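A.B. asks: So for the sequence shown, our numbering puts the first residue at 73; every next one is plus one.
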Amino acid sequence: MKIPKRIASAVVNSLKGGVVPRIGLPYITVGREAEINALLHDVDIIAEGGASFRFIVGKYGSGKSFMLQTIRSHVMDRNFVVVDADLSPERRLQGTKGQGLSTYKELIRNMSTKTRPDGGALTLILDRWISGVQSETAASSGISPDSPGFEKAVEKKIYEVINTLNEMVHGFDFARLLTIYYRASINGSDEEKAKVIKWFRGEYSTKTEAKAELGVNIIITDDDWYEYIKLFAMFLKMAGYNGLLILIDELVNIYKIPNSITRQYNYEKILTMYNDTLQGKAKYMGIIMGGTPQCIEDNRRGVYSYEALRSRLAEGRFGREGIKDMLAPVIHLSPLTYEEMLVLTEKLADIHAVLFDYQQKITQEDMIRFIQLEFGRIGSDSHITPREVIRDFIELLDIIFQNPAINISEFISSGSMDFAKPAAEESVEVSDEYAEFEI
């Protein structure tokens, strides 16, 4: 299957910059079958009204973000809605200065479906819902859309959806907003629809403003944003989707919070979300969080510093190197094997040749030699990551393309290529990054 140049460009440029491309992942996915299958099993449970919570744990550059994006792509193909956000100093799970709400805003901004994979799908989802209810009403009642009673029949269907939501926390207000959106659609009032979208995006800063514009005396806040995510999951199921998947990456930003009480509040929020999914308080919803081993397992400031989480998530007595429990809440990403890295370099060489329109000259022997050199560096057995190898390989391909007279085998063997810094050295830098946060 030949990759289109547009996608090839996105893949090569993203990987060279050290980030995961949002498109073209099937062209470069290698290994991880067990992890992907485990997460897709969760997706089947979510579609049947269940809920799931997983942590993906791996070192910087080990493929956590790649894993999240791969699952994102898979579930959108299965008629799921996906929301994703990277945590940062401004975006947390809990905060007193809008950090929790900032995470909610980012999630809703990135709301994606198969037909709108790049985010911003909220309006599309609401319009599709109304259109679906109208089609269903016409089919089940036999009333023509032009008939006087059609609008009332549609409203009746909409109230059936809304009554289900009313039983949930903040469900009454959520349902009221949906009603306002429906009436604005019927009346052709784009301005009113835009106000409802603004509310759902968490962009009203005061209740007074929301009351004046929409007549609702409530806004989404730092404390209750997660309740609205649960409401969205239920609503999306009723709007014709199979469920909602929430992807939250860069948990290390909670680990980095200097204030221990603030950290604990954030871990408490994770515990609430975890308990909700396991106890059946959330439906049609899955949560996957990504973090480094240190930010999860550090007993002093990581997730495991919160005893209620550590006791739920810590590995049992039977887990050991090489034998992984894919049904556990924490999935540890093991390094890609030499064989998997070779397959990946072959795929990248093909994509690079398509992008720059040249006859590929690098041989499999060259790639094997390249991988041997990469994994032969000091500290590579414990510190090298796919990100480093990929960046180096794309740099090699760029040099070969721009210097066609080079003897590739000699060039790789000579060591004249400027590889990325030794892996062990880079690991020290990562450790130093945390030094300033010690108390």
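By construction, the Cβ of each residue, glycine as well, lies at the ideal position given by its N, Cα and C atoms. This structure is a prediction, so every number in the text was calculated from the model and none was measured.
So for Arg164, helix, strand or coil by DSSP?
C.D. replies: Coil.
A.B. asks: From Gly133 to Asp464, what distance separates their C-alpha atoms?
C.D. replies: Spanning the two alpha carbons is a distance of roughly 13 Å.
A.B. asks: Apart from the five residues on each side of it in sequence, which residues of its chain come closer than 6 Å, Cβ to Cβ, to Ala425?
C.D. replies: Excluding positions up to five away in sequence, the list reads Gln432.
A.B. asks: Expressed to the nearest angstrom, what Euclidean distance is found between the alpha-carbon atoms of Val402 and Leu250?
C.D. replies: When rounded, the distance between both Cα atoms is 37 Å.
A.B. asks: Along the chain, which unbroken stretches of the alpha helix (DSSP H) at least 4 residues long are found entirely within the segment 97 to 181?
C.D. replies: For the segment 97 to 181, whole alpha helix (DSSP H) runs of length 4 or above, ordered along the chain, are 105 to 119, 136 to 149, 171 to 181.
A.B. asks: In this structure, does DSSP put Gly204 in helix, strand or coil?
C.D. replies: If DSSP states are grouped into helix, strand and coil, Gly204 belongs with the helices.
A.B. asks: Decide yes or no for the touch test of the segment 150 to 169 against the segment 120 to 128: beta carbon pairs closer than 8 Å, at least 3 of them.
C.D. replies: Counting Cβ pairs under 8 Å, fewer than three are found: no touch.
A.B. asks: With DSSP as the reference, identify every bridge partner of Ile360, one or two as the case may be.
C.D. replies: Ile360 pairs with Arg126, Leu319.
A.B. asks: Is the beta carbon of Arg200 closer than 8 Å to that of Gly512?
C.D. replies: No answer is possible for residue 512: the residues shown for the chain start at 73 and end at 511.
A.B. asks: Answer yes or no: do Leu140 and Asp321 have a C-beta to C-beta separation smaller than 8 Å?
C.D. replies: Yes; because the gap between Cβ atoms is below 8 Å, this pair is in contact.
A.B. asks: For Ile403, which three-state DSSP category applies?
C.D. replies: If DSSP states are grouped into helix, strand and coil, Ile403 belongs with the strands.
A.B. asks: Would you kindly work out how many angstroms separate the C-alpha atoms of Thr142 and Ile291, rounded to a whole number?
C.D. replies: About 34 Å.
A.B. asks: What do you reckon, are the CB atoms on Val102 and Glu412 nearer than 8 Å?
C.D. replies: Their beta carbons are under 8 Å apart, which means Val102 touches Glu412 by this criterion.
A.B. asks: Put Ser277 into one of helix, strand or coil per three-state DSSP.
C.D. replies: Reduced to three states, the DSSP call for Ser277 is coil.
A.B. asks: Is the beta carbon of Thr185 closer than 8 Å to that of Leu196?
C.D. replies: Result yes, Cβ atoms of Leu196 and Thr185 sit closer than 8 Å.
A.B. asks: Helix, strand or coil: which one does DSSP assign to Ser212?
C.D. replies: Three-state result, Ser212: helix.
A.B. asks: Measuring only the C-alpha atoms, how far is Gly312 from Val92?
C.D. replies: About 30 Å.
A.B. asks: Quick one: what does DSSP say Ser486 is sitting in, helix, strand or coil?
C.D. replies: The answer is helix: DSSP assigns Ser486 an H, G or I state.
A.B. asks: Determine the contact status of Ser386 and Tyr376, defining contact as a CB-CB distance below 8 Å.
C.D. replies: The amino acid occupying residue 386 in the given sequence is Ala; Ser does not appear at that position. Closer than 8 Å, so yes.
A.B. asks: Determine the direct distance from the alpha carbon of Arg188 to that of Lys229, and round the result to whole angstroms.
C.D. replies: Cα to Cα, the separation comes out at about 26 Å.
A.B. asks: Might you give, ordered along the chain, the residues of its own chain that have their beta carbon closer than 6 Å to the beta carbon of Val268, omitting 5 neighbours on each side?
C.D. replies: Leu249, Ile252, Tyr253, listed in sequence order.
A.B. asks: How many whole angstroms separate the CB atoms of Tyr346 and Ala305, which I take to be in contact at a CB cut-off of 8 Å?
C.D. replies: Not quite, the Cβ-Cβ distance comes to about 15 Å (not below 8 Å), so this is no contact.
A.B. asks: Using CA coordinates, which residue listed in Leu469, Glu105, Gln444, Lys224 is at the minimum distance from Asp422?
C.D. replies: The shortest C-alpha separation from Asp422 is found at Leu469.
A.B. asks: Which class does Ser86 belong to by DSSP, given the choice of helix, strand or coil?
C.D. replies: Correct three-state label for Ser86: helix.
A.B. asks: Confirm, please, whether the CB-CB distance from Asp294 to Gly214 is below 8 Å.
C.D. replies: Against a cut-off of 8 Å, the Cβ pair of Asp294 and Gly214 comes out as no contact.
A.B. asks: Take Ser485 as the anchor and find which of Leu405, Met439, Ser257, Phe138 has the nearest alpha-carbon.
C.D. replies: With distances taken between Cα atoms, Ser485 lies closest to Met439.
A.B. asks: According to DSSP, is Thr457 part of a helix, a strand, or is it coil?
C.D. replies: In this structure, Thr457 counts as coil in the three-state DSSP scheme.
A.B. asks: Check for me: the alpha helix (DSSP H) holding Tyr254 runs from which residue to which?
C.D. replies: Tyr254 -> alpha helix (DSSP H) spans 243 to 259.
A.B. asks: By Cβ distance below 6 Å, which residues in the same chain neighbour Gly274 in space, the five residues on each side in sequence not counted?
C.D. replies: Leu173, Tyr176, Lys177, Ile292, listed in sequence order.
A.B. asks: Out of Phe483, Gly204, Val324, point me to the one whose CA is closest to Glu369's CA.
C.D. replies: Comparing Cα positions, the closest option is Val324.
A.B. asks: Look up Ser184 in the DSSP assignment and say whether it is helix, strand or coil.
C.D. replies: Strand, per DSSP.
A.B. asks: Is DSSP giving Pro365 helix, strand or coil here?
C.D. replies: In the structure shown, Pro365 sits in a helix (DSSP, three-state: H, G or I).
A.B. asks: I need the straight-line Cα distance from Ile342 to Asp190, nearest angstrom please.
C.D. replies: Whole-angstrom Cα-Cα distance: 26 Å.
A.B. asks: Below 8 Å on the Cβ atoms is my guess for Thr409 versus Lys131; work out the distance and round it to an integer in Å.
C.D. replies: The pair is not a contact, with the Cβ atoms about 16 Å apart (cut-off 8 Å).
A.B. asks: On the three-state DSSP scale, how would you describe Ser219?
C.D. replies: Reduced to three states, the DSSP call for Ser219 is coil.
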